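Q: Just passing along the structure, written as structure tokens.
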Amino acid sequence: MWFQVDTGILKVVLEAAQACNISTVDFYPDIRQADPRFGDFQANGVLPYAKLHHLNPRHVTEQIVEKLRSLEVFSGKIEVSVAGPGFINFKLSGSFLTEWLNLYKSENDYRSAIAQNWSGRRIVIDYSSPNTAKQMHVGHLRSMNIGDSIYRILKFCGADIIRDNHIGDWGTQFGILIMTIKKEGLRISDLSLEEVELLYQRGSTLVRSNESALATARNELVKLQNGDSENLEIWKIINKISLAAFDDIYREMGVSFDYTLGESFYRDRVDRIYQELMEKHIARIDNGALCVFHEDHEQFSRQPFIIRKADGASNYATTDLATVLYRTEILHADELIYVTDGRQQDHFQQLFLTVQKWYAAFNRKCPEMQHVWFGTILGEDGKAIKTRSGTPIKLKELLNEAKTRAREIANEKSEGLSDSDRQHVANVIGIDSIKYVDLLPNRTNDYVFSWGKMLSFNGNTAAYLLYAIARIKSILRKCDTDIIDLTADCLETEEEKNLVRKLIYFPIILSQAAKELRPHYLCTYLFELTGECSTFYRADRILGEPTNITSRRLAIMLRTLNILETGMHLLGLETLERM
Numbered sequence: 370m371w372f373q374v375d376t377g378i379l380k381v382v383l384e385a386a387q388a389c390n391i392s393t394v395d396f397y398p399d400i401r402q403a404d405p406r407f408g409d410f411q412a413n414g415v416l417p418y419a420k421l422h423h424l425n426p427r428h429v430t431e432q433i434v435e436k437l438r439s440l441e442v443f444s445g446k447i448e449v450s451v452a453g454p455g456f457i458n459f460k461l462s463g464s465f466l467t468e469w470l471n472l473y474k475s476e477n478d479y480r481s482a483i484a485q486n487w488s489g490r491r492i493v494i495d496y497s498s499p500n501t502a503k504q505m506h507v508g509h510l511r512s513m514n515i516g517d518s519i520y521r522i523l524k525f526c527g528a529d530i531i532r533d534n535h536i537g538d539w540g541t542q543f544g545i546l547i548m549t550i551k552k553e554g555l556r557i558s559d560l561s562l563e564e565v566e567l568l569y570q571r572g573s574t575l576v577r578s579n580e581s582a583l584a585t586a587r588n589e590l591v592k593l594q595n596g597d598s599e600n601l602e603i604w605k606i607i608n609k610i611s612l613a614a615f616d617d618i619y620r621e622m623g624v625s626f627d628y629t630l631g632e633s634f635y636r637d638r639v640d641r642i643y644q645e646l647m648e649k650h651i652a653r654i655d656n657g658a659l660c661v662f663h664e665d666h667e668q669f670s671r672q673p674f675i676i677r678k679a680d681g682a683s684n685y686a687t688t689d690l691a692t693v694l695y696r697t698e699i700l701h702a703d704e705l706i707y708v709t710d711g712r713q714q715d716h717f718q719q720l721f722l723t724v725q726k727w728y729a730a731f732n733r734k735c736p737e738m739q740h741v742w743f744g745t746i747l748g749e750d751g752k753a754i755k756t757r758s759g760t761p762i763k764l765k766e767l768l769n770e771a772k773t774r775a776r777e778i779a780n781e782k783s784e785g786l787s788d789s790d791r792q793h794v795a796n797v798i799g800i801d802s803i804k805y806v807d808l809l810p811n812r813t814n815d816y817v818f819s820w821g822k823m824l825s826f827n828g829n830t831a832a833y834l835l836y837a838i839a840r841i842k843s844i845l846r847k848c849d850t851d852i853i854d855l856t857a858d859c860l861e862t863e864e865e866k867n868l869v870r871k872l873i874y875f876p877i878i879l880s881q882a883a884k885e886l887r888p889h890y891l892c893t894y895l896f897e898l899t900g901e902c903s904t905f906y907r908a909d910r911i912l913g914e915p916t917n918i919t920s921r922r923l924a925i926m927l928r929t930l931n932i933l934e935t936g937m938h939l940l941g942l943e944t945l946e947r948m
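Here this note's numbering is used: the first residue of the sequence shown is 370, the next is one more, and so on.
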């Protein structure tokens, strides 16, 4: 029995093709979901093969189908038919669906069955990565949220994955801050992060209009990066204040990391970067700065990748290169994933090109590198979401607003719960809704943020999924525990079969989300599964039926609940027992 049915069918189709003397070197059957009127899965690939070899595609297809029908693995379980000029349809029988349902009962079953696809791959995923000395705002939501979900999905699929919060703690903001702190004679340890940010804003305003102040700020940054003791002490205090505030947000969002290694961690490694890139003539001095040019690239042949600025200071490129080296030499990563907004695409293209040349020059194994970029959160006016004054909305304020609005909903819909339970419900609905609406669109798309749509119990929302899960749990609480989770007998009704068919697609969708690093596939699937479940329990009564029917339908509901909760967890969402 195959946990992932599409890959199981693919394997058998290839074996059947070989038995029919069809070379699998140029036969590429693609197994995909079929039109429900004709089957559950469809295989194509015969048409291009037949065209290449000047054969009749219908005849080739019939040969493969005849072989498939003779296989014991298909006997009585999967109906195979020819469609059109060269397609093969597969319809799963009730006995196949029942066998699958009885074999895969829990999250551990799903995990162990799918883990073999990703085991042995060591991946470092870099996400969130805010700059210290500044509060996180709504623009920081997506990297944190998408990155955490991708981590969870890959971890579940068996990858050895490390979470790294590569914070910006060594950049230009510190030159400005240190200059302003010294100028105003402030005691930095007494300040909150909000006050530090205001201090930075005052300094930024000054350097924009005063060349002397700008030169001072740049000098303070160089002094810091060269190890000046006074500047280092100010820097340490600011980072301590920042990290404490960040951790409050991460706890609220249910996000954590294996490492928080900022740019500063790599400051002792940058000289090696300069030396190696110059030694192999990958970097050269241009207008006083050390740069990499990619002459073989149309865009980057003239657009420099600056490794060291003309004033001697390092920058993002420097520490990003040092980070790659650390992650491959010390963390032994095979793959690196960076989750940032789409505006950084040029930077990462240049980074990856530089790493490839650099590693090749020293005969190092180059890691696979992916930039997982995302679009912008828009206000209902279609522009990047901001406050009325035009400043970015602070993430802390957004989360508080979500919980406040969700509390109004909980007060209305959860009257039977205690006050503390209603507050818990409100907190879960509020935070889950923020996270889910962010994961729902294809990550490369922009999306419009709307409180009304986000907190609705109708449509594809976190509240809708949470309510469906709580409703299933309510049904299960009413059942005799002696008949829960017994092995189901053969499925009978179309609603039973359709719901189990939907359950079978879970590992397929999960694999697709993992391969493409797009959590929205899972969001769409969970919404569709919830709808199929609603259709099932509206049509097929669970309680009050003969024991074998009740037991079978409870088994279906338990598997559905498990997959819904597993899916929600992979999206980083909490679920509720009651609403």
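Note that beta-carbon positions come from the ideal geometry of N, C-alpha and C, so glycine has one too. The model shown is predicted, which means the values in this text are computed figures rather than measured ones.
#1: Less than 8 angstroms between the CB atoms is what I'm expecting for leucine 879 and threonine 929, so what's the real figure, rounded?
#2: In or out: glycine 544 buried (at least 16 other Cβ within 10 Å) or exposed?
#3: Just to confirm, are threonine 723 and leucine 700 a CB contact at a threshold of 8 angstroms?
#4: For the alpha helix (DSSP H) containing phenylalanine 410, list its first residue and its last residue.
#5: Using a Cβ distance threshold of 8 angstroms, determine whether the stretch 522 to 534 contacts the stretch 480 to 494, with at least three qualifying pairs required.
#6: Given a threshold of 16 other Cβ atoms within 10 Å of its Cβ, counted over all protein chains shown, does proline 405 qualify as buried or as exposed?
#7: Can you name, in chain order, every residue of its own chain whose Cβ lies under 7 angstroms from the Cβ of methionine 370, other than the five neighbours on each side?
#8: Output yes or no for whether 8 angstroms exceeds the beta carbon distance between isoleucine 457 and glycine 527.
#9: Would you report the Cα separation of alanine 584 and arginine 677, rounded to the nearest angstrom?
#10: Let's see if you can read the secondary structure: which residues bound the alpha helix (DSSP H) around asparagine 458?
#11: Using the Cα positions of alanine 779 and serine 819, report the straight-line distance between them to the nearest angstrom.
#12: If you follow the beta strand (DSSP E) that cysteine 660 is in, where does it begin and where does it stop?
#13: Say whether the stretch 604 to 616 touches the stretch 788 to 804, bearing in mind that this needs 3 or more beta-carbon pairs closer than 8 angstroms, one atom from each stretch.
#14: Which same chain residues, not among the five before or five after isoleucine 803, have their C-beta less than 6 angstroms away from its C-beta?
#15: Taking only heavy atoms of the ligand SAM into account, decide whether any of them is closer than 7 angstroms to the Cβ of threonine 745.
#16: Among Leu562, Ala385, Asp801 and Gln485, which has the Cα closest to the Cα of lysine 763?
#17: CB isoleucine 925 to CB valine 869, shorter than 8 angstroms?
#18: What is the residue span of the beta strand (DSSP E) that serine 903 lies within?
#19: So what does methionine 738 bridge to, in DSSP terms?
#20: Within 8 angstroms, do at least three Cβ pairs link the stretch 704 to 715 to the stretch 515 to 527?
#21: At what residues does the alpha helix (DSSP H) containing isoleucine 676 begin and finish?
#22: Within 10 Å of its beta-carbon, does cysteine 859 have 16 or more other beta-carbons around it, so buried, or fewer, so exposed?
#23: Pull up the CB-CB distance for leucine 945 and leucine 835, whole angstroms please, since I reckon it's below 8 angstroms.
#24: Return the residue from the list Gly445, Ser444, Gln411 and Ile932 that minimises the CA-CA distance to threonine 430.
#25: In angstroms, rounded to a whole number, what distance separates the CA positions of leucine 895 and tyrosine 805?
#26: Let me make sure I understand the geometry here. Which of Lys524, Ile536, Asn588 and His506 has the alpha-carbon closest to that of leucine 546?
#27: Label tyrosine 833 either buried or exposed according to how many other C-beta atoms from any shown protein chain fall within 10 Å of its C-beta, with 16 as the threshold for buried.
#28: Can you tell me the Cα-Cα spacing of arginine 591 and serine 497, whole angstroms?
#29: To the nearest angstrom, how far is the alpha carbon of leucine 940 from that of cysteine 892?
#30: Taking DSSP as the reference, what is the three-state secondary structure of aspartate 637?
#31: How far does the beta strand (DSSP E) with isoleucine 447 in it extend, from its first residue to its last?
#32: From what residue to what residue does the beta strand (DSSP E) around isoleucine 531 run?
#33: Along the chain, where does the beta strand (DSSP E) that runs through glutamine 402 open and close?
#34: In or out: tyrosine 397 buried (at least 16 other Cβ within 10 Å) or exposed?
#35: Please confirm if phenylalanine 465 has its CB atom under 8 angstroms from at least one CB of chain D.
#36: Classify asparagine 500 as helix, strand or coil using the three-state DSSP reduction.
A: Inspection of the coordinates gives the following:
#1: No, leucine 879 and threonine 929 are not in contact; Cβ-Cβ is about 15 angstroms, not under 8 angstroms.
#2: Taking every protein chain shown into account, the CB of glycine 544 has 16 or more other CB atoms within 10 angstroms, so this residue is buried.
#3: no
#4: Where phenylalanine 410 is concerned, there is no enclosing alpha helix (DSSP H), although the beta strand (DSSP E) it sits in stretches over 410 to 413.
#5: yes
#6: exposed
#7: Glu468, Trp469 and Leu472
#8: no
#9: 17 angstroms
#10: Unbroken run through asparagine 458 is the beta strand (DSSP E), 456 to 461; no alpha helix (DSSP H).
#11: Computed Cα separation, rounded: 19 angstroms.
#12: 658 to 661
#13: no
#14: Ala771
#15: Absence of the ligand SAM is noted for the structure shown, with no ligands found whatsoever.
#16: Taking only the C-alpha atoms, the option nearest lysine 763 is Leu562.
#17: yes
#18: Looking at the DSSP string, serine 903 is not in any beta strand (DSSP E); the run it does join, the alpha helix (DSSP H), is 889 to 908.
#19: Leu705
#20: Verdict: yes, contact present.
#21: No alpha helix (DSSP H) contains isoleucine 676, which is instead part of the beta strand (DSSP E) from 674 to 677.
#22: exposed
#23: 6 angstroms
#24: Nearest Cα to threonine 430 within the set Gly445, Ser444, Gln411 and Ile932: Gln411.
#25: 11 angstroms
#26: Asn588
#27: buried
#28: Looking at the sequence provided, one finds valine at residue 591 rather than arginine. Each residue's Cα considered, the two are about 26 angstroms apart.
#29: 8 angstroms
#30: coil
#31: Counting along the chain, the unbroken beta strand (DSSP E) around isoleucine 447 starts and ends at 447 to 452.
#32: 529 to 533
#33: 399 to 402
#34: Exposed, since its Cβ has fewer than 16 Cβ neighbours within 10 Å.
#35: Chain labels in this structure do not include chain D; a single protein chain is all it has.
#36: strand
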